[in-house]
Amino acid sequence: MAMADASERVRWFASLRGLKASWLPGDAIAALTLAAIAIPEQLATARLVGMPPMCGLLAFAAGSLAFATFGTNRLMSVGADSTIAPIMAATLAGMAAVGTPHYTSLIAALALLVGIVLLLCGPLRLGWIADLLSIPVTTGFLAGVSVHIIVGQLPTVLGVTAARGSPVHEVAELVRQLSDANPYSASIGFGVLVLCLLSERINHRIPGALLALVLSGLAVWQLDLAHRGVRTLGALPMALPARMLTIPSWSEFTHLLPLSLVVALVCVIQTAAVVQSFPSGSGANDSVDRDFAAVGAGSILAALLGSFAVNSSPPRTAVVAESGGRSQLCGLLAIGIVAALVLVAANAFAYVPHAALSGVLVFIGMRIFHIPAMRRIYQRSPWEILLVVASVLWVVTMPIAVGVSMSIVLSLLQSIYIIARPRCSELARVPGTTVWWTQEKEKTGEHEAGVLVFALGAPLNFINARYLIAKMRRSIATQPSPCRLVVIESSGVIDIDFTGSQLLQKAVDDLRGHGIDVAVARLESERASRAAERTGLIDVISTQNVFRSVEEAIRQHKVSPTPGA
2 MAMADASERV
12 RWFASLRGLK
22 ASWLPGDAIA
32 ALTLAAIAIP
42 EQLATARLVG
52 MPPMCGLLAF
62 AAGSLAFATF
72 GTNRLMSVGA
82 DSTIAPIMAA
92 TLAGMAAVGT
102 PHYTSLIAAL
112 ALLVGIVLLL
122 CGPLRLGWIA
132 DLLSIPVTTG
142 FLAGVSVHII
152 VGQLPTVLGV
162 TAARGSPVHE
172 VAELVRQLSD
182 ANPYSASIGF
192 GVLVLCLLSE
202 RINHRIPGAL
212 LALVLSGLAV
222 WQLDLAHRGV
232 RTLGALPMAL
242 PARMLTIPSW
252 SEFTHLLPLS
262 LVVALVCVIQ
272 TAAVVQSFPS
282 GSGANDSVDR
292 DFAAVGAGSI
302 LAALLGSFAV
312 NSSPPRTAVV
322 AESGGRSQLC
332 GLLAIGIVAA
342 LVLVAANAFA
352 YVPHAALSGV
362 LVFIGMRIFH
372 IPAMRRIYQR
382 SPWEILLVVA
392 SVLWVVTMPI
402 AVGVSMSIVL
412 SLLQSIYIIA
422 RPRCSELARV
432 PGTTVWWTQE
442 KEKTGEHEAG
452 VLVFALGAPL
462 NFINARYLIA
472 KMRRSIATQP
482 SPCRLVVIES
492 SGVIDIDFTG
502 SQLLQKAVDD
512 LRGHGIDVAV
522 ARLESERASR
532 AAERTGLIDV
542 ISTQNVFRSV
552 EEAIRQHKVS
562 PTPGA
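According to the numbering used here, the residues represented by the sequence shown are 2 to 566, in order.
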C-alpha cells in the first residue's frame with residue numbers, strides 16, 4: 002500500500018518529477034521574479050473581474066497549487082488572467098450588481114463550471130478543439146478584448162465616472178467628462194503605464210508594474226493624495242473572503258453554462274499555446290490534456306476559496322522560463338512569497354491607488370493587442386486580415402461573450418469554407434521527367450492527347466464533392482482535344498465519406514457513358530483507401546484502374562504521348 006501511495010504521489014506531481022538540488026537556485030530566482038510580476042497583475046485582474054483584490058491573489062495561489070499537483074508542464078504559470086476576466090465580468094454584471102453577495106456567488110459558480118468543463122477536456126482528449134481556431138480570428142478577438150480592457154479602465158485612470166455600455170458609448174461618455182478629470186489620478190495612471198512600457202522595453206523581467214505600484218503608493222502617502230480625490234485600494238484583509246458558492250437558479254444556470262464554455266475554450270487555446278511555446282524540456286512527459294484538467298482543478302479550487310476562474314499565462318510563463326525556472330517549485334515558492342508579503346505589508350496596500358491598477362490593466366490590454374501579428378497576417382495573407390477586423394468588430398460592438406462566440410463561429414466557418422472550396426487543379430508533366438505537377442502560368446508542361454490529369458486537393462466528402470466534380474467536368478469540357486481518359490491524382494485525398502464516394506461513383510458512370518474512362522493515381526492515404534473500398538468506389542472504378550503514379554496510369558491505358566503546351 003505504501004508503494005502504491007508513493008506511486009500515486011509521483012503521478013500527481015509530474016511537474017516536479019526529477020527535481021534536482023541544482024535546480025533550486027534557478028527556481029528560487031524565478032519565484033521572486035514571478036511573484037514581483039504576478040502581485041500587481043493579479044490585483045489588477047481582480048479589479049477587472051469586479052472582485053476584491055485579495056481574490057486575485059487567491060486565484061494565483063489556487064491556480065499555481067492545483068497545476069503543480071495535477072499538471073505536467075514544468076514552466077506554466079496559472080492564475081487570474083486578463084483575457085478571460087472581461088468576458089466573465091461583462092456577462093455577470095448584467096445578472097447581478099458588482100460587489101454584491103449575489104455577484105460573488107455567480108463568479109464562484111462560473112469558476113466551478115469552467116473547472117468542470119476543463120476537467121472533462123482531459124480524459125476526453127479534447128485538446129484538438131484548440132486547433133479549430135485560426136490565428137487571424139484568435140488575434141482579432143484578443144484585440145477586441147483588449148479594447149474592452151483599455152476603454153473600461155480609462156475612466157478610473159482619469160478619475161471620472163465610468164459609463165456602462167458598449168466601448169463606443171463608454172468612449173463618448175469619457176470625452177464628455179474630460180474637463181472633470183482628476184490631474185493627480187491621471188498622472189498616476191499614465192505614469193504607471195509609461196513605467197511599465199519602459200521596463201518591458203529595457204528587459205521584460207524587470208517588475209515594472211510592481212515598481213510602479215510601490216512608487217504610486219509612496220506618492221499617495223507622502224503627498225496625501227487621498228484627500229485630493231485619488232481613490233485607494235484599502236488594506237488587504239487578513240481573513241479569507243466569505244465563500245459564496247451556492248447553487249444558481251435554473252435561469253442563471255442557462256446563462257452561466259454557455260459562458261463557461263466560452264471561457265473554457267479560451268483557456269484551452271491559451272493553455273495549448275503555452276505548452277507548445279514552453280515545453281518542459283528533455284526527460285519530461287508533457288500532456289496537454291492533463292494540463293487542461295490541471296487548469297480546471299485550479300478554477301475549482303479558486304471557486305471553493307471564494308475567487309474566480311483561472312487560466313494559464315503566456316507572459317508569466319515566459320518570465321519563469323527566462324528567469325531560470327526548471328520546475329513547478331517556482332510557482333509554489335511564489336505562493337509563499339505572496340503570502341509572506343500579505344502578512345507583513347497588508348496595511349501598505351491601503352495607499353495603492355486604483356488609478357495605478359488601472360494603468361497596469363491598460364498596459365496588459367496593450368500587450369494583447371498584437372499589432373505585429375496583424376502586420377504579418379496582412380503581409381503574408383492579405384485577405385485574412387478581414388477575419389481579424391471582423392473578429393475585432395464583433396467583440397467590440399456586441400456583448401463581449403457573444404462577440405467572442407461569434408469569432409469562434411467565424412473561425413469554424415473559415416475552416417469549413419477551406420474544406421468546401423479546396424484547391425483543385427490540372428496537372429502537366431514536367432518536361433524531361435515522369436513527374437506530374439500543377440500547371441504553370443507559362444504552360445510549359447507536357448500534356449498527353451486525350452488525357453486530363455486532375456488533382457483533388459482535399460478529403461472527398463459531402464461538403465466539397467459536388468464542387469470538385471463540377472470543377473473536373475469544366476476541365477474536361479475545356480480540353481483542346483476530345484478527352485478519353487481522366488486520371489484523378491489523389492495524393493491530397495486523406496479521407497472519403499459515403500456521400501463523396503456516391504457522388505464520384507455516379508460521375509464515373511456518367512463519364513464512361515460518354516466514352517471517357519476514369520483512373521485513380523496515388524491514393525496514398527490508408528484511411529482513404531479503406532474508405533474507397535468500403536463505400537464501393539473501388540468496385541466502380543475497378544482495381545485495374547488504381548495506380549501508384551500518374552505515369553503508370555497513362556502507360557497502362559496505352560495513350561500515345563504527344564507533347565503540347
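Glycine included, each C-beta is placed from N, C-alpha and C at the ideal position.
| Query | Result |
| --- | --- |
| Would residue 552 be called buried (16 or more neighbouring beta carbons within 10 Å of its own) or exposed? | buried |
| Per DSSP, what are the beta-bridge partners of residue 447 in this structure? | 430 |
| Any contact of the segment 71-85 with the segment 267-283, i.e. 3+ C-beta pairs under 8 Å? | yes |
| Is the Cβ-Cβ distance between residue 550 and residue 522 less than 8 Å? | yes |
| Roughly how far, in whole angstroms, is the beta-carbon of residue 489 from the beta-carbon of residue 452, given that I think they are within contact range, below 8 Å? | Residue 489 to residue 452, Cβ: 12 Å. No contact. |
| Between residue 352 and the rest of its own chain, which residues show a CB-CB distance below 7 Å, the 5 nearest in sequence each way excluded? | 218, 221, 222 and 233 |
| Taking the alpha-carbon positions, what's the residue 263 to residue 120 distance? | 15 Å |
| Please identify the residue among 124, 183, 484 and 21 whose C-alpha is closest to the C-alpha of residue 448. | 484 |
| Straight-line CA distance for residue 205 to residue 321? | 11 Å |
| Let me check understanding here. Comparing Cα to Cα, which of 311, 55, 358 and 331 lies closest to residue 157? | 358 |
| Can residue 75 and residue 327 be called in contact, C-beta distance under 8 Å? | yes |
| Measure how close the beta-carbons of residue 324 and residue 30 come, nearest whole angstrom, since I'm counting them as under 8 Å. | 6 Å |
| So residue 71 packs on residue 39, CB below 8 Å; how close in whole Å? | Between residue 39 and residue 71 the Cβ distance is about 20 Å, and since that is not below 8 Å, they are no contact. |
| Compute the beta-carbon to beta-carbon distance between residue 392 and residue 408, rounded to the nearest angstrom, for a pair I have assumed lies under 8 Å. | 4 Å |
| For the 8 Å Cβ check, are there 3 or more pairs between the segment 192-210 and the segment 169-184? | no |
| Taking buried to mean at least 16 other C-beta atoms within 10 Å of its own C-beta, is residue 427 buried or exposed? | buried |
| Rounded to the nearest angstrom, what separates residue 63 and residue 251 at their Cα positions? | 28 Å |
| DSSP three-state label for residue 236, please. | coil |
| Is the Cβ-Cβ distance between residue 299 and residue 68 less than 8 Å? | yes |
| Along the chain, where does the beta strand (DSSP E) containing residue 455 start, and where does it finish? | 452-456 |
| Please classify residue 556 as buried or exposed, where buried requires at least 16 neighbouring CB atoms within 10 angstroms. | exposed |
| Counting pairs of Cβ atoms below 8 Å between the segment 366-380 and the segment 144-157, do you hit three or more? | yes |
| Using beta-carbon positions only, say whether residue 311 and residue 80 come within less than 8 Å of one another. | yes |
| By the 10 Å Cβ neighbour count, where 16 or more other Cβ atoms means buried, how is residue 497 classified, buried or exposed? | buried |
| When DSSP labels each residue in this structure, what does residue 286 get in the three-state scheme? | coil |
| Tell me whether residue 437 is buried or exposed, calling it buried when 16 or more other Cβ atoms sit within 10 Å of its Cβ. | buried |
| Flag this pair as yes or no: are the beta carbons of residue 420 and residue 140 separated by less than 8 Å? | no |
| Would you say the beta carbon of residue 501 comes nearer than 7 Å to a heavy atom of the ligand ATP? | Ligands in the displayed structure: none, and consequently the ligand ATP is not present. |
| Nearest to residue 147 by CA position, among 133, 362 and 130, is which residue? | 362 |
| Could you give the DSSP three-state label for residue 519: helix, strand or coil? | strand |
| Note down the Cα distance separating residue 191 from residue 373, rounded to an integer number of angstroms. | 23 Å |
| Going by DSSP, what residues sit across from residue 489 in a beta bridge? | 455 and 521 |
| Straight-line CA distance for residue 471 to residue 460? | 16 Å |
| When you compare only the Cα positions, how much space is there between residue 513 and residue 434? | 30 Å |
| Does DSSP classify residue 11 as helix, strand or coil? | Its pLDDT being 41, under 50, residue 11 is placed unreliably by the model, and nothing is read from it. |
| Is the beta carbon of residue 294 closer than 8 Å to that of residue 122? | yes |
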